[in-house]
Amino acid sequence: PWQSVLPVVIVTMSYRSLLTCASSPDCRGAVHAAFYLWYGNPEYDGRWLHWNHKILPHWDAQVDKRHPKFDWRPPDEPHSPFMPERGTYSCRDNATLQAQFSELHRAGVDSAMISWWGRKDWEGKRDDAFSGANTDELVPAVLEAARLAGVGVSFHVEPYGGRTPQTFLDDLRHIFASYGDHPGIWREGSQRLPVFWLYDVSAQHSKDDVTAWRDALDSVRGTALDALFFCLWIGGQGDADFVEAGGFDGAYTYFAAEGFTPGSNSKSWLSIQQQLQKRGKLFVPAVGPGYDDKRIRPWNAHNVRSRENGAYYDRMWERAVDVAPHAVSITSYNEWGEGTQIEPAVPYTSPQGTRYEDYAPRDAAYYLESTALWARRFRDAQVCAA
2 PWQSVLPVVI VTMSYRSLLT CASSPDCRGA VHAAFYLWYG NPEYDGRWLH WNHKILPHWD
62 AQVDKRHPKF DWRPPDEPHS PFMPERGTYS CRDNATLQAQ FSELHRAGVD SAMISWWGRK
122 DWEGKRDDAF SGANTDELVP AVLEAARLAG VGVSFHVEPY GGRTPQTFLD DLRHIFASYG
182 DHPGIWREGS QRLPVFWLYD VSAQHSKDDV TAWRDALDSV RGTALDALFF CLWIGGQGDA
242 DFVEAGGFDG AYTYFAAEGF TPGSNSKSWL SIQQQLQKRG KLFVPAVGPG YDDKRIRPWN
302 AHNVRSRENG AYYDRMWERA VDVAPHAVSI TSYNEWGEGT QIEPAVPYTS PQGTRYEDYA
362 PRDAAYYLES TALWARRFRD AQVCAA
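Positions in the sequence shown are counted from 1; adding 1 to them yields the numbering used here.
Following this line, the structure appears as structure tokens:
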């Protein structure tokens, strides 16, 4: 089923359908973008956070020993294959946050899927670089930037140290108590439910916990803690059954490297959509402009995906629109270490001679502009039940 080829879908919308789409909160297709809050610099944070990411080890010692071991050296040499137009910024800088959310708004993005690594008092792993970035502390400023820009915030709950279905219930209580009334929260449907994305909760990562996830999510249905909960679709065997058995509302694919997982193979999206629809579940494919993490995973070069001057992004978006999913997510707005960002980048060569990529021959804002066009096309293609 993973080799099925997507048909080209030509949508003819009636005037009544257009009116229904415009008026129904259940119908309008939303666009979400993965947004990372783990960046910091000495001016705002007293030290570097994430821009100085280390080279990650390979699990095979024989492969690992063939690659260097060091931490990247911002501001001259950050860990990304690209140089941000904003430089090595801090997410504690409110002016930066407000400018970023204004960009998201102009790009037609409805919600920033903020990477959230546990409550501010949680002891344990807080990001994949073990930098200690405290994303929960930044949520109030993020919500205010989102409100001012007219963008929503959804929560991309990461695998912080010790995360379980039970700790996630505690997370929900904390998030709703602390931020639940804020107008910057993205909400969907007639019940205006917030949205949570559960990274690394999947048939491959969490199969033994499926009953615990069902019990946890069932316990909040119809209460003040209810929300839309999406788990990760990897795409081996049993993903659709996991979504249903775990009590999730749907699944998202996240990965921007075409074919990295069966779920990130865009030719599989129609099959995934059909499997989830049969179970009354929602599908959110993830599109991305490319993938390049070789600065932090030099052993992963086989998964690099060229941007092809924007053609790669166009293909993923076209296939997502053709499937007519519940929503589309973008990986990412600013995951610089994996080279999936649509945030503006500029040409740069470090004083040490390290060359950084940019979007040439496109300009720095090209991927934001492309996102705006595709977001509009996606919404225009929505067909709603009469």
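For glycine and all other residues, C-beta sits at the position ideal for the given N, C-alpha and C. Since this is a predicted model, take the numbers as computed values, not measurements.
Here S191 is exposed: its Cβ has fewer than 16 other Cβ atoms, across all protein chains shown, within 10 Å.
Residues of the same chain with a CB within less than 6 angstroms of the CB of N53, apart from the 5 flanking positions on each side, are D72, W73 and P75 in chain order. Counting along the chain, L57 sits inside no beta strand (DSSP E), nor does DSSP assign it H or E at all.
Contact between L194 and A228 holds: their C-beta atoms lie close to 5 angstroms from each other, under 8 angstroms.
Of the residues A146, P82, P79 and R93, the one whose Cα lies closest to the Cα of S112 is A146. Taking a 10 Å sphere around the C-beta of A252, we find 16 or more other C-beta atoms and assign the residue as buried. Cβ atoms of Q205 and I186 stay farther apart than 8 angstroms, at about 30 angstroms. Around the beta carbon of A257, 16 or more other beta carbons sit within 10 angstroms, so the residue counts as buried.
Taken through DSSP and simplified to helix, strand or coil, T212 comes out as helix.
In summary, P79 is buried, with 16 or more beta-carbon neighbours lying within 10 Å of its beta-carbon over all protein chains present. The bridge partners DSSP lists for A35 are M114.
Per DSSP, V305 is not a residue of any beta strand (DSSP E), being assigned neither H nor E. DSSP places G41 within a strand segment (E or B) once states are collapsed to three. The criterion of a C-beta distance shorter than 7 angstroms is satisfied by W214 and P166.
For V64, the number of other beta carbons within 10 angstroms of its own is below 16, and it is reported as exposed.
Under the three-pair Cβ rule at 8 angstroms, the stretch 83-90 does not count as touching the stretch 309-322. For A147, the enclosing alpha helix (DSSP H) has its first and last residue at T136 to A150. For G338 and A178, the gap between their C-alpha atoms comes out near 33 angstroms. By the CB criterion at 7 angstroms, V322 and R380 fall outside the cutoff. Between R93 and the set W49, P348, R148 and A361, the nearest pair of CA atoms involves W49. For P166, the enclosing alpha helix (DSSP H) begins and ends at P166 to Y180. Boundaries of the alpha helix (DSSP H) around F379: Y367 to D381. Distance from the CA atom of R298 to the CA atom of K70, rounded to whole angstroms, is 11 angstroms.
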